[in-house]
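What follows is one structure encoded as C-alpha cells, with my remarks underneath.
And the structure:
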C-alpha cells in the first residue's frame, strides 16, 4: 500500500513502516556525548535560538577516485525527522546530576524544526561540495553530527566501491557480501547502497523486502555435500536442485570436488537429464568459486559448448574486486557475470569514508575552521553547487554562496570563467548561451518536515548510471582518472580568504603581545 510520512511517499506495509520508524528514532540518538554537553552550553549561554548552518562533505575520494556516489539520504532524512521523543530519564543515563536537569528537560522536548538541503541518492559528488546542508537552531543542528556521519559515511563508502567494481567490467555484478558486513544494519543498508552504485542485484533478502531490490542466489557447498561426499552425491544434488527450482534461473556450484573433471560434467549431465537446454527461458549456468578463474572459465566454456550448452552462463565468485575483475577481463576469462562480497560490503580497500560535518555559518555570520593543510580549509557560508552542462555532458561544478554574483551569472547563462583554487592551470571559459546548469542540493526538509518524494530504488540506480554516462570516459576510469573541473565562486573564495587573513592578522598580533 502507499503511505505518506511527512510528505515522503513509500510503498510499504504499515507494520514494516512502524518498525522502520522505531529503528530510525533510535538511530537519531546514535551520537557522541559531547554533542549534548555542547548543547548544554548553547542553552545556558542564550544561544539556543541562533541559526547554525552545517555542511556535510568529504575532502578526498577513496581509492584515488575523482568522485563519490551519494547514498543514505533517505535514511538521513528519516533519522532527522524522528529526532525527539525520549524522556528526561533517557538523557540522565549519560547526563546525570542536578546541573543537567534543565538541559535534560529541553532535550526531551526537542524536535528538529529546521531546513535541510541535500544531493539526491545516485548523485555524483566531488570533494568539498556540500552533500547535505543543515539550517537549524544550533542545538538541533549540532546533535545531528554523529548519526548523520554514521549513515552517510557507511552508505557512500559502499556505493562508491560498488561503482568502481561495476566499472571494471561490462558484465553484471551481484552484491554477495552480507556475511562479511559489519553487522545486520551494515549488511542491509550496504546492499541498498551497492545497488544504487551499479550492482545488478543483492543476495540480501531483507534489503529486497525493504527497498525492492532484485534478489539473487545460487547454492552453497554444504548443499552439494549434504547429498553425500561423492561424485554421485554431487550429481544427485544438482538433479534435485533443478527439479525443485524449475521455472527459475538455475545456477549450479561446480567446484566442490573438481571443477573440470566432475563438477562441470555432472552439471551438464543433470541439465540434460532434466530437459534443460539453450531454450530454457529463465536462464541457466554454473558457478566457479575457487581456483584460477581465467583458466577454469575458458576450459569450462569449451566443455559446455562441446556439449551443446552454448547459452549456459558462467558465474564467478571468490574474493573478487575491481582489480581482479579487470585482470580476468584482460586475460580473456569466459565469465558472464560476477558475485562480489567483502570488497563491496566492507569497502575493503578504504573501509572508512571521509565525510565531515562542519559549521559554516551562524545566523548571518560565515565561519570556518582554519588549517595549515590547504585541503582541510573549509568553505564558509550558506552554499549551493551548480553543475555546468554542455551538449549533454557534465563539464564543471561550481560551488557558490547562495545568491552571490556568480550564481546569478550562471542562472542567467552569462559568460562564465572558472579556475581551480588550488591549481591555476585548471581553467575553463563558458561563453554566454552555450551551457545549461542544474543545482545539486535541493531542499529535502522544510521546518522539520520532509518535503520531497522519495524515488523507487530502481530510479536511484538509473539516475546514477545516467549521471555516469554524462562524464567523459577519462573521468570514469579506475586508475588515474582525468580530473573533473571543480571550482568555487569568486565571492566564496574572497570570503574565505578574508576570514583566513583576519585570523592570521589576529594571531600575529597575539604572538607579538606575548613575545614582548
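Residue numbers (the numbering used here): 9 to 524.
All C-beta atoms in this analysis are idealised placements derived from N, C-alpha and C, irrespective of residue type, glycine included.
Limits of the alpha helix (DSSP H) - the one that residue 7 falls within: Nothing can be reported for residue 7, as the shown portion of the chain is limited to 9 through 524.
Using 8 Å for Cβ pairs, my map puts residue 358 next to residue 170. What's the rounded Cβ distance? Their Cβ separation, rounded to whole angstroms, is 13 Å, which puts residue 358 and residue 170 out of contact at 8 Å.
Determine the direct distance from the alpha carbon of residue 74 to that of residue 475, and round the result to whole angstroms. 14 Å
Counting only runs of 3+ residues fully inside the region 215-286, write out the beta strand (DSSP E) ranges in chain order. 258-261
CA-to-CA distance, residue 84 to residue 114, given in whole angstroms: 23 Å
Can you tell me whether residue 345 is helix, strand or coil according to DSSP? strand
From what residue to what residue does the beta strand (DSSP E) around residue 145 run? 140-145
Backbone CA spacing between residue 379 and residue 505 [nearest angstrom]: 12 Å
Return the residue from the list 157, 446, 502 that minimises the CA-CA distance to residue 2. Summary: the structure shown does not reach residue 2, with the chain confined to residues 9 through 524, and so no result is reported for it.
Within the same chain, show all residues whose beta-carbon is closer than 6 Å to that of residue 219, passing over the 5 residues directly before and after it, in chain order. 200, 465
Does the beta-carbon of residue 190 have 16 or more other beta-carbons within 10 angstroms, so that it is buried, or is it exposed? exposed
Count Cβ pairs between the region 298-305 and the region 275-284 that sit closer than 8 Å; are there 3 or more? no
Please name the residue, chosen from 138, 405, 350, 467, that lies closest to residue 434 on a Cα-to-Cα basis. 405
Taking DSSP as the reference, what is the three-state secondary structure of residue 503? helix
Assess, as a yes-or-no matter, whether the region 319-326 is touched by the region 336-348 under the definition of 3 or more beta carbon pairs within less than 8 Å. yes
Return the CA-CA distance between residue 273 and residue 311, expressed in angstroms with no decimal places. 8 Å
For residue 104, tell me which candidate among 69, 41, 54, 150 has the shortest Cα-Cα distance. 41
For residue 114: DSSP bridge partner residues: DSSP, once it has assigned bridges, lists no residue as partnering residue 114.
C-alpha distance - residue 270 paired with residue 346, whole-angstrom precision: 22 Å
Which stretch, first to last residue, makes up the beta strand (DSSP E) that contains residue 403? 401-409
Is the beta carbon of residue 99 closer than 8 Å to that of residue 116? yes
What separation, rounded to the nearest whole angstrom, lies between the Cα atoms of residue 457 and residue 142? 13 Å
What number of angstroms, rounded off, separates the C-alpha of residue 444 from the C-alpha of residue 389? 25 Å
What three-state label does DSSP hand residue 433 in the structure shown? coil
Residue 409 beta carbon less than 8 Å from that of residue 507: no
So does the region 472-488 actually touch the region 143-156, counting three or more Cβ pairs closer than 8 Å? no
Can you say whether residue 401 is buried or exposed, counting buried as having 16 or more other CB atoms within 10 angstroms of its CB? exposed
For the candidate residues 481, 407, 63, whose alpha-carbon lies nearest to that of residue 446? 407
May I ask you to list the residues that DSSP assigns as paired with residue 65? 364
Is it buried or exposed for residue 518, if we count other Cβ within 10 angstroms and need 16 for buried? exposed
Sequence-distant residues of its chain with Cβ nearer than 7 Å to residue 286 (five each side left out): 317, 318, 319
Assign residue 449 to one of three DSSP states: helix, strand, or coil. coil
By the DSSP assignment, the alpha helix (DSSP H) with residue 292 in it spans what residues? Residue 292 -> not in any alpha helix (DSSP H); beta strand (DSSP E) instead, spanning 292-296.
How is residue 102 classed by DSSP in three states: helix, strand or coil? coil
If we ignore side chains and look at the alpha-carbon of each, how far apart do residue 29 and residue 198 end up? Low per-residue confidence applies at residue 29: pLDDT is 49, beneath 50, and the placement is therefore not dependable, though the value from the model is reported in the following sentence. For residue 29 and residue 198, the distance between alpha carbons rounds to 19 Å.
Give me the Cα-Cα distance between residue 392 and residue 276, rounded to the nearest whole angstrom. 59 Å
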